[in-house]
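FYI, the working numbering numbers position 84 of the sequence shown as 89, with every residue one higher than the one before it. These notes are about the structure you will find just below.
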Amino acid sequence: MKVGDEVLYLYEGDAPGSENWTHDMEAVETSEGQIRLCNVRRPTITVYRPRAEIQTDTAVIIAPGGGFHLLAWDHEGSQVAGWLNEKGITCFQLHYRTMPVKGDPHEALMAAARSGTLDDTIQPIISMAVQDGRNAVKWVREHASDYDISPSKVGFLGFSAGATLALGLAYTTPREECPDFLAPIYPHYRWIQERNIPPDRPPMFVAVAADDEFGFASHAIELNQDWTGAGFCQELHVYSRGGHGFGMNHQGLASDQWIEHFYAWLGTEGLVD
Numbered sequence: 006m007k008v009g010d011e012v013l014y015l016y017e018g019d020a021p022g023s024e025n026w027t028h029d030m031e032a033v034e035t036s037e038g039q040i041r042l043c044n045v046r047r048p049t050i051t052v053y054r055p056r057a058e059i060q061t062d063t064a065v066i067i068a069p070g071g072g073f074h075l076l077a078w079d080h081e082g083s084q085v086a087g088w089l090n091e092k093g094i095t096c097f098q099l100h101y102r103t104m105p106v107k108g109d110p111h112e113a114l115m116a117a118a119r120s121g122t123l124d125d126t127i128q129p130i131i132s133m134a135v136q137d138g139r140n141a142v143k144w145v146r147e148h149a150s151d152y153d154i155s156p157s158k159v160g161f162l163g164f165s166a167g168a169t170l171a172l173g174l175a176y177t178t179p180r181e182e183c184p185d186f187l188a189p190i191y192p193h194y195r196w197i198q199e200r201n202i203p204p205d206r207p208p209m210f211v212a213v214a215a216d217d218e219f220g221f222a223s224h225a226i227e228l229n230q231d232w233t234g235a236g237f238c239q240e241l242h243v244y245s246r247g248g249h250g251f252g253m254n255h256q257g258l259a260s261d262q263w264i265e266h267f268y269a270w271l272g273t274e275g276l277v278d
């Protein structure tokens, strides 16, 4: 397991809006050996630096998914950072705030989905997470010189709920505060309540599997239609198979190559050397 170079708190003291939360973050290992974080109340950034001899001036903030109940730390986080580091890209893994839960966070997520209460209960957490994302972008830009990166090449790559966070930034932040490029991977688009696309949006890369068990392929297509219909640049990859949450998992499918396609897209957009 790759460990980041630094772990930094995003706020001094408690995060605004969750000052009364008292639970502590937990790390849970799944039966497949993957790490899940839950009960995140103090957002952090974990820094992953590439080797100096290959470093570019591009940076990517990574937001793992988990339905705003947990964070898929490795296959949607640290493993992504490790791959991008080998391409010279500096990565900042964002652990944004998640829903306070007792017991198994995945079961709490599924129970809320089954009961039909998830969409309503999750909205305040989405707002907090978007605030965390906005502050992460601001922090990375303010500290760009410390990491030898360009403040005009700061992107945001999110998975599932993390992709919803990325879209929250796309729809609610002024251009000067928005990431310079966006990559929502299998996004839950219908959690975005404000659909008026502001002017002067950055380029976007989207990837999803057609057999996503939560139906997010239709979300990605709807997003693509809205974005391109408004005249903005977007690249959409819909893989025939891969399911939901493929991340950096190796399944022997074309969707395994999404990160290579993402990197190639960065090149076509002039975002990497």
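Note that the Cβ used here is the ideal one computed from N, Cα and C, for glycine as well.
* With respect to the beta strand (DSSP E) encompassing Gly-163, which residues constitute its N-terminal and C-terminal limits? -> Residue numbering aside, residue 163 sits at position 158 when the sequence shown is read from its first letter. Per DSSP, Gly-163 belongs to the beta strand (DSSP E) from 159-164.
* Got a sec? Which residues, its chain only, sit under 7 Å from Lys-158 by beta carbon, not counting five neighbours each side? -> Translated into positions along the sequence shown, residue 158 becomes position 153. So the list reads Asp-62, Thr-63, Ala-64, Asp-185, Leu-276, once near-sequence residues are dropped.
* To do: Out of Ile-131, Ala-149, Ile-154, state which residue places its alpha-carbon closest to the alpha-carbon of Thr-169.
  => Indexing the sequence shown from 1 puts residue 169 at position 164. Here the closest residue by C-alpha is Ile-131.
* To do: Count the other CB atoms, across all protein chains shown, that sit within 10 Å of the CB of Leu-75; report buried if there are 16 or more and exposed otherwise.
  => One-based indexing of the sequence shown puts residue 75 at position 70. Result: buried.
* To do: Go ahead and pull the three-state DSSP assignment for Arg-180.
  => Reading the sequence shown from its first residue, position 175 is the one you call residue 180. Note: Arg-180 maps to helix in three-state DSSP.
* To do: Given a cut-off of 7 Å, decide if Ala-86 and Tyr-53 are closer than it, judged by their beta-carbon atoms.
  => By 1-based counting over the sequence shown, the position of residue 53 is 48. By 1-based counting over the sequence shown, the position of residue 86 is 81. Going by C-beta atoms, Tyr-53 is nearer than 7 Å to Ala-86.
* Spell out a yes or no on whether the segment 160-167 and the segment 41-58 are touching, meaning 3 or more CB-CB pairs, one atom from each, closer than 8 Å. => no
* Under 7 Å, do Gln-60 and Gly-82 count as touching if we go by C-beta distance? -> If you number the sequence shown from 1, residue 60 lands on position 55. If you number the sequence shown from 1, residue 82 lands on position 77. Not in contact: Gln-60 and Gly-82 (Cβ atoms no closer than 7 Å).
* To do: Let me know if Asp-19 comes out buried or exposed under the rule of 16 or more other beta-carbons within 10 Å of its beta-carbon.
  => Stepping through the sequence shown from its first residue, residue 19 is reached at position 14. Counting Cβ neighbours within 10 Å, Asp-19 comes out exposed, since fewer than 16 surround it.
* For His-249 versus Asp-217, is the C-beta distance shorter than 7 Å? -> By one-based count along the sequence shown, residue 249 stands at place 244. By one-based count along the sequence shown, residue 217 stands at place 212. Cβ atoms of His-249 and Asp-217: closer than 7 Å.
* To do: Measure the alpha-carbon distance for Phe-219 versus Pro-21 and round it to whole angstroms.
  => The sequence position of residue 219 within the sequence shown is 214, counting from 1. The sequence position of residue 21 within the sequence shown is 16, counting from 1. For Phe-219 and Pro-21, the distance between alpha carbons rounds to 32 Å.
* Asked: Quick one: what's Gln-84 bridged to in DSSP?
  -> Taking the sequence shown and counting its residues from 1, the one referred to as residue 84 is at position 79. According to DSSP, Gln-84 bridges with nothing at all.
* **Which of helix, strand or coil DSSP assigns to Arg-41** => Counting from one through the sequence shown, the residue named residue 41 turns up at place 36. Strand at Arg-41.
* Sort Trp-196, Ala-116, His-80, Asn-140 by Cα distance to Ile-264 and report the nearest one. => Here residue 264 is taken as the residue at index 259 of the sequence shown, counted from 1. Comparing Cα positions, the closest option is His-80.
* Nearest-angstrom beta carbon gap, Arg-102 and Ala-77 [assumed within contact, 8 Å] -> If you number the sequence shown from 1, residue 77 lands on position 72. If you number the sequence shown from 1, residue 102 lands on position 97. That pair is no contact at about 16 Å.
* Are at least three pairs of beta-carbons, each pair with one atom in the segment 87-95 and one in the segment 109-122, less than 8 Å apart? -> no
* Cutoff 7 Å; reference Val-261; Cβ partners in own chain excluding five residues on either side -> Numbered from its first residue, the sequence shown carries residue 261 at position 256. For the sequence presented, residue 261 should be read as Asp rather than Val. Excluding sequence neighbours, Asp-261 sits near His-255.
* **Neighbour-count burial assignment, Ser-36, 16 or more Cβ in a 10 Å radius** => Looking up residue 36 in the sequence shown gives position 31. That one is exposed.
* Leaving aside the five residues before and after Gly-72 along the sequence, list all residues of the same chain whose C-beta is less than 6 Å from its C-beta, in chain order. => The count along the sequence shown starts at 1 and reaches residue 72 at position 67. Same-chain partners within the cutoff: Leu-114, Ala-166.
* What residues are listed by DSSP as bridge partners for Glu-34? -> The residue you call residue 34 lines up with position 29 of the sequence shown. According to DSSP, which records beta bridges pairwise, Glu-34 is partnered with Ile-40.
* May I ask you to report which of helix, strand or coil DSSP gives Glu-240? => By one-based count along the sequence shown, residue 240 stands at place 235. Glu-240: strand per DSSP, three-state reduction.
* Report the residue ranges of all alpha helix (DSSP H) runs contained in full by the segment 224-271; include only those spanning at least 4 residues, in chain order. => none
* To do: Have a look at Leu-258 and Ala-214 and give me their C-alpha separation to the nearest angstrom.
  => Working through the sequence shown from its first residue, we reach residue 258 at position 253. Working through the sequence shown from its first residue, we reach residue 214 at position 209. Distance between the alpha carbons of Leu-258 and Ala-214: 10 Å.
* So, Leu-172 versus Ile-202, is the Cβ gap smaller than 7 Å? -> What you label residue 172 is simply residue 167 of the sequence shown in a count that begins at 1. What you label residue 202 is simply residue 197 of the sequence shown in a count that begins at 1. Their beta carbons are not under 7 Å apart, which means Leu-172 does not touch Ile-202 by this criterion.
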